[in-house]
Structures are given as structure tokens and as C-alpha cells.
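Q: According to my numbering, the sequence shown is numbered sequentially starting from 26.
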Amino acid sequence: MNERIKGGLLVFIGAASFGLLSTIVKFAYAEGYTLGEITGTQSFSGMAILWLLYLITSKFRKENKEEPEKAATTGSPVKTKWWKVLLAGTFTGLVGIFYYQCVKLLPASVAIILLMQYLWISMLIEAIVFKKKPSRKQLLLLVVVLAGTLLAGGLFSDVIVLNLKGIVFGLLAAACYAIFLMTSGRIGNDLPVLKKSALMITGSCMLTWIIFPPLFFFNGVYFGGLYAWGLILALLGTVLPPFLFSVGIPRVGVSIAAILSAAELPVATLSSAFVLHESVDAIRWVGVVLILLAIVATNVKSKEAKEIA
Numbered sequence: 026m027n028e029r030i031k032g033g034l035l036v037f038i039g040a041a042s043f044g045l046l047s048t049i050v051k052f053a054y055a056e057g058y059t060l061g062e063i064t065g066t067q068s069f070s071g072m073a074i075l076w077l078l079y080l081i082t083s084k085f086r087k088e089n090k091e092e093p094e095k096a097a098t099t100g101s102p103v104k105t106k107w108w109k110v111l112l113a114g115t116f117t118g119l120v121g122i123f124y125y126q127c128v129k130l131l132p133a134s135v136a137i138i139l140l141m142q143y144l145w146i147s148m149l150i151e152a153i154v155f156k157k158k159p160s161r162k163q164l165l166l167l168v169v170v171l172a173g174t175l176l177a178g179g180l181f182s183d184v185i186v187l188n189l190k191g192i193v194f195g196l197l198a199a200a201c202y203a204i205f206l207m208t209s210g211r212i213g214n215d216l217p218v219l220k221k222s223a224l225m226i227t228g229s230c231m232l233t234w235i236i237f238p239p240l241f242f243f244n245g246v247y248f249g250g251l252y253a254w255g256l257i258l259a260l261l262g263t264v265l266p267p268f269l270f271s272v273g274i275p276r277v278g279v280s281i282a283a284i285l286s287a288a289e290l291p292v293a294t295l296s297s298a299f300v301l302h303e304s305v306d307a308i309r310w311v312g313v314v315l316i317l318l319a320i321v322a323t324n325v326k327s328k329e330a331k332e333i334a
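1) Give the single residue among Leu189, Met148, Leu175, Pro266 whose Cα lies nearest to the Cα of Ser209.
2) Determine the direct distance from the alpha carbon of Ala55 to that of Thr105, and round the result to whole angstroms.
3) Quick test of your reading: Val170 and Trp145, contact by CB under 8 Å. State the CB separation rounded to the nearest angstrom.
4) In this structure, does DSSP put Ser160 in helix, strand or coil?
5) In chain order, what residues of the same chain lie with their CB nearer than 6 Å to the CB of Leu315, ignoring the 5 residues before and after it?
6) Give the C-beta separation of Ala282 and Ile274 to the nearest angstrom, bearing in mind that I take them to be a contact with Cβ-Cβ under 8 Å.
7) To which residues of the same chain is Val311 closer than 7 Å at the C-beta, ignoring the five residues directly before and after it?
8) Compare the Cα-Cα distances from Phe37 to each of Val264, Val218, Leu318, Ile284 and report the closest residue.
9) Does Lys156 pass the burial test, meaning 16 or more other C-beta atoms within 10 Å, or should it be called exposed?
10) In three-state terms, what does DSSP make of Thr66?
11) I need the DSSP call for Val193, collapsed to helix, strand or coil.
12) So, with DSSP's three-state summary, where would you put Ser304?
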């Protein structure tokens, strides 16, 4: 299989698994667990799983001997400092905190729409930080995405009651997600994938525990059932997406990865409608489809332009 296709498929699967999180978190909240308990146990479970996998694979594959050869073949003169990967991982912790708080205050189908705003936020960051001006096609994408957001977010629905605080948390999650996607594709690519993922989740766990001290280990909540939610959320939101993104993003590039990661939108919306039975009327579905079509159309045009060039 072509490396770009394989990388794209990995990013797609990672995004789809991420799209299930809002539904699962709604169930965890219904069981009485708090934001700190949910995010804290998820990051801890993800960290434990990834380090365990890394230690096992490094033992059998002797990664310590292979790493210098890998660095040489990729042309990396200097290995990435571990603390840089750790710092980049803190953004995944922030995404979880802001996004899950948004899910608590708003319907899951609306929360995912707000998270999708990372698309235009990514353009804004690239323009400010990397001095990369958006093209006309990207600006068109921005306009269509925003229009789709108004429809899909339920602004014209009498059923949906929007919460300003929830909207702010959703946009903060989108900003942190955009930064995570950029840093994941640019930092630590010379490291073994599992080691990079484990370091990133360690940074996420450290930040989460600073904000929400892990008292659940001592008050009986963790072994009373919280651990199960932590494992599920860790696999779908902490282990698989970062791992798959770490492998896939360098192969397809940040721009294409941002487009493919849009798969979380329909997955989250479908899950909200059929599992949580949230109201997703025709107008909101039009908004979802509009966002997806705009992303796909822009990607296709970009490819054609490259072929002509």
C-alpha cells in the first residue's frame, strides 16, 4: 500500500475514534463522575498503556540499537529533546479539559461542531506564526465552514439552547486541537512512534493532574468504576488518535491530515443522534454535509492544481 494512502487511512481512523468521545463522556457524566475525574483517569490510563507498549516493543525489537540508524535515514542531525515532546503533549490535555467541559454544557452534536473550528484556527495560526497567508481557496473554505457551523450548530433551531460558556470552552478546545495537530507533525518525528506518543500523553497527564489533583485514587472512586471509563476513553481518545496521528501525519502532511481528521464530525454527529437521541434536524445535517463537502472540494482542487503545475 502507498505510504501516503496508508498514512491518510491512519489519520482517518484516529479521527473517527476521537469522534466517539463526546457520546462516551455524556454517559460518564450521567454516572456522576466529574470533569477532573474523567480527564484525569483518561490521561493516566493512556500514559500507562503507551509506556507499557513502548517498554515491551523496545525489549523485543531492540529499539535502542535501531534508533541511531533511523535518525540517520531520516536525515535528522539532532534528536528531538524529550521535554519538547512533553510540552507538545500538554495541548492534548487542554483539548480534553476544554472539550469535555463543552460536552457537559452543550449537546454532544454541538460540541463537535465547535471543535471543528480548528480548521480555520489552523489557518489563522499559520498566518500569524509562520507568516503563511491563506490562499483564496482556503478563504473560501473558511466562509463555507463558518456558514455550515451556523446551520449545524443549531443556531436556527428552536430545540437547541446554546450556552455561551459552553461555546467559549468549545472554541478553546478547537484552538488547542489546532496547535496539537501542528506540533504533532513537526516535533519528535525522529523518535520511535510509541515513545513519542507516550511522552506526549505524559505531558498531558502532568498538566491534567496539576489542574485536577488525582484525588480519585484515594477516595475509592477510581476502583469503584471510574477505571473502566478511563480505559475506554484512553483507548479511543488518548492511545489510538495520537499514535495514529504520529504515524500518519508525517506521511501525508499537516494540511491533508487536517482535512482527513474531519471524519470525527460525521461520526460524532451520528453517534449523538442514534445513541444519545439528540435532536439533529435536517437543517443541522445540511450544515454538517456543507462543512464536509467544502473540505473535500478544496482538497480535490488542490490536487488538481498540483497536477497541472
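All residues carry an ideal CB built from backbone N, CA and C; glycine is no exception.
Fair warning: this is a prediction, and the values are worked out from it, not measured in the lab.
A: From the atom records:
1) Pro266
2) 42 Å
3) 6 Å
4) coil
5) Gly173
6) 4 Å
7) Leu176
8) Ile284
9) exposed
10) helix
11) helix
12) coil
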